[in-house]
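Colleague:
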Amino acid sequence: MVSVDRALVGEDPAAGPLPLANEVHAKVVLHDSLGIIPQDSAPFMVWRDRTQLPWDDEEAQGLLELDDTAQGGILNSASWLGLQPGGQHLRPAGNGRVLLLWEHLHRHVALPAEPAMPLAAGHVLDM
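In the working numbering, the protein residues as written are -2 to 124.
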């Protein structure tokens, strides 16, 4: 258990606040029907390597049509067509499911510079 006050300033209040930042993550939960990711032993995994996803022409066209960033939207699906940077990560999510996360697809979304902690001082975060 970590108090909100300590989470905001760290172990040494004289050192100043921790460098917290908001970050948008794209998430998907897949049912791993083939059991590729062992639910009881697979670690949290992060890909450092860049990768190209093998879309066919119809899938690529669909991703282009879904993208709404030119109209100020946040669905940056066209970026899936290019070389993907490292940083994608996954972990077992239980019950045969796998949680995949990536944040590079939403770097264009404006977020407040200072993250808001909606908890009042003295509350406890269960970490």
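The C-beta atom is built at its ideal place from N, Cα and C for all residues, glycine as well.
Could you tell me if Gln85 is buried or exposed, where buried requires 16 or more neighbouring beta carbons within 10 angstroms of its beta carbon?
Modeller: To locate residue 85, count along the sequence shown from 1; it is residue 88. Counting Cβ neighbours within 10 Å, Gln85 comes out buried, since at least 16 surround it.
Colleague: Give the DSSP-derived three-state secondary structure of Gln81 in the structure shown.
Modeller: The residue given as residue 81 occupies position 84 in the sequence shown. In the structure shown, Gln81 sits in a strand (DSSP, three-state: E or B).
Colleague: Please classify Leu50 as buried or exposed, where buried requires at least 16 neighbouring CB atoms within 10 angstroms.
Modeller: Translated into the one-based positions of the sequence shown, residue 50 becomes position 53. The residue is exposed, with fewer than 16 neighbouring Cβ atoms inside 10 Å.
Colleague: Distance check for Gly79 and Thr48, CA to CA, integer angstroms please.
Modeller: Locating residue 48 in the sequence shown gives position 51, counting from the first residue. Locating residue 79 in the sequence shown gives position 82, counting from the first residue. Roughly 9 Å separates the two Cα atoms.
Colleague: Can you give me the Cβ contacts of Ile34 inside the same chain, cut-off strictly under 6 Å, excluding the 5 residues immediately before and after it?
Modeller: Looking up residue 34 in the sequence shown gives position 37. Same-chain partners within the cutoff: Pro89 and Val95.
Colleague: Mapping the DSSP letters down to three states, classify Ala11 as helix, strand or coil.
Modeller: Position 14 of the sequence shown holds residue 11. Note: Ala11 maps to helix in three-state DSSP.
Colleague: Rounded C-beta distance between Arg45 and Gly83? I'm assuming under 8 Å.
Modeller: Residue numbering aside, residue 45 sits at position 48 when the sequence shown is read from its first letter. Residue numbering aside, residue 83 sits at position 86 when the sequence shown is read from its first letter. A Cβ-Cβ separation of about 4 Å places Arg45 in contact with Gly83 under the 8 Å criterion.
Colleague: What would DSSP say about Leu97, mapped onto helix, strand or coil?
Modeller: Within the sequence shown, the letter at position 100 stands for residue 97. It is a strand residue.
Colleague: Roughly how far, in whole angstroms, is the beta-carbon of Leu97 from the beta-carbon of Trp77, given that I think they are within contact range, below 8 Å?
Modeller: Against the sequence shown, residue 97 aligns to sequence position 100. Against the sequence shown, residue 77 aligns to sequence position 80. Not really, about 13 Å apart at Cβ, beyond 8 Å.
Colleague: For Ser30 and Pro40, what's the separation of their Cα atoms in angstroms?
Modeller: What you label residue 30 is simply residue 33 of the sequence shown in a count that begins at 1. What you label residue 40 is simply residue 43 of the sequence shown in a count that begins at 1. Looking at the two C-alpha atoms, the distance is approximately 19 Å.
Colleague: Ala75 by DSSP, collapsed to three states: which one?
Modeller: Position 78 of the sequence shown, counted from the start, is the residue given in the question as residue 75. Ala75: helix per DSSP, three-state reduction.
Colleague: Just list the residues that DSSP pairs Leu125 with in beta bridges.
Modeller: There is simply no residue 125 to check, as the chain begins at -2 and stops at 124 in what is shown.
Colleague: Going by DSSP in three states, Ala67 sits in which element: helix, strand or coil?
Modeller: Here residue 67 is taken as the residue at index 70 of the sequence shown, counted from 1. If DSSP states are grouped into helix, strand and coil, Ala67 belongs with the helices.
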